[in-house]
Every structure is written in structure tokens, then in C-alpha cells.
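All the letters of the sequence shown, read from the start, carry residue numbers 1 to 175 under my numbering.
No residue lacks a Cβ here, since even glycine has one placed at the ideal position from N, Cα and C.
Below is one structure; the comments refer to it alone.
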Amino acid sequence: MDETIEVLISEEEIDRRISEMATEISKDYEGKTITLLGTLKGGVIFLADLARKLDARVEFDFVRVSSYGNSDQPEGEVQLQDHTSNHEFAGKHILVVEDIVDTGHTLNFLRKYLTAQNPASLKICVLLDKPDRRENKEASFDYLGFTIPDKFVVGYGLDYAQRYRNLPYLGVLHF
Numbered sequence: 001m002d003e004t005i006e007v008l009i010s011e012e013e014i015d016r017r018i019s020e021m022a023t024e025i026s027k028d029y030e031g032k033t034i035t036l037l038g039t040l041k042g043g044v045i046f047l048a049d050l051a052r053k054l055d056a057r058v059e060f061d062f063v064r065v066s067s068y069g070n071s072d073q074p075e076g077e078v079q080l081q082d083h084t085s086n087h088e089f090a091g092k093h094i095l096v097v098e099d100i101v102d103t104g105h106t107l108n109f110l111r112k113y114l115t116a117q118n119p120a121s122l123k124i125c126v127l128l129d130k131p132d133r134r135e136n137k138e139a140s141f142d143y144l145g146f147t148i149p150d151k152f153v154v155g156y157g158l159d160y161a162q163r164y165r166n167l168p169y170l171g172v173l174h175f
């Protein structure tokens, strides 16, 4: 299969926007400890870069949710595949760090899952929003990196069949 990647958002643009988001988040959580809840695997690079730029006390936790498998299209219902700890979220300030929102189903699944655990606060930080793909109109978030068109993107943690996660930029994958 011949694949090409067209740069959509450069490494420099990503770094600049994450710095801006970190400033806003740091101000919003001043004096509080934030539990950054990263979504595996796509959100790891975003979480790491964001965490290093935050001027706040942070803890890390991760969840693995899936609806894609090895496809470029969602395959069905969202499933919680793994939670890396037995961490209790009750009374914690949770900031979900999500790589991309397209249909909105994963985001709403996580919001319901976490709300049921009675956190002190729950906010969502999203690197990419793909609103043209939105099926769940209730999907919302508090911090946004970039709005992108309905194209299949890879890089900066996002993959196609586990490839391209290590690219330092975000690109459109052409098959």
C-alpha cells in the first residue's frame, strides 16, 4: 500500500498552542493538584508535552478506550479496555487529556464513567476536534488545541494500524 503524509499542523504550531493551553489550565487550577487522565495510546505524547508546560501540581493516570481497532473508521461502541490503576477519582480534580474528538462517543463515554466516580471537578482537554464527524451532539470540552477538517490524521501520538505515532507533527494520511 502506498501511503503519503501531508503536513497539516507543524511541530512548531503544536508547541505554541500547547503552551497557550497550559497557561490557561494553570490559571484555572491554581493551588490545586490536577490528575491528568490520559487516553491510551493516542493521547500520551500530548499529555507529556502539556504536563511539562503546566505550572501546577499534577498526577498521572491513564485509561484505554477504543472504538477504532486497526481501521480508519470507528468500528462500533466505545469500550473501556484498561484502566492502569485502581485509582479512586472521588474528590480529585480530573483533567481528561484526549488526542482527538470526532464522533464524540468516546468523550461522552469517559465523561459518564468519570462523573459516576464523584470527582471534585472534571474538565476535558482535547488536542484535535473534528466537528464534521460529530454524531453525539452532547460532546463538549473545556480546552481545545485545533479544529481540523474531516481527514484521517496521524502523527503526534495518532496512528494508523499502530504506525506514525512518532511523527513530531500532525499530517493527513493519503492512501
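- Residue pairing for F60: DSSP places it in a beta bridge opposite L36.
- Rounded to whole angstroms, the separation of the alpha carbons of E20 and F62 is 23 Å.
- As DSSP reads the structure, Y143 sits in a beta bridge with C125.
- Put simply, of T103, E59, A48 and I94 the residue whose alpha carbon is nearest the alpha carbon of N118 is I94.
- With respect to the C-alpha of I34, the residue from K41, E6, A90 and E3 having the closest C-alpha is A90.
- A direct Cα-Cα distance of roughly 10 Å separates P149 from D102.
- Between L37 and the set E138, C125 and A22, the nearest pair of CA atoms involves C125.
- Between the segment 134-145 and the segment 164-175 there are fewer than three inter-stretch CB-CB distances shorter than 8 Å, so the stretches are not counted as touching.
- Burial of G157 is indicated by the presence of at least 16 other C-beta atoms within 10 angstroms of its C-beta.
- If you draw a straight line from the Cα of G104 to the Cα of L114, it is about 16 Å long.
- Per DSSP, the continuous beta strand (DSSP E) segment holding T4 begins and ends at T4 to I9.
- Within 10 angstroms of the beta-carbon of V97 lie 16 or more other beta-carbons, which makes it buried.
- Per the coordinates, the alpha-carbon of G43 lies some 23 Å from the alpha-carbon of E30.
- Beta-bridge analysis with DSSP links I94 to T35 and L122.
- Just so you know, the alpha carbons of K123 and R52 end up roughly 19 Å apart.
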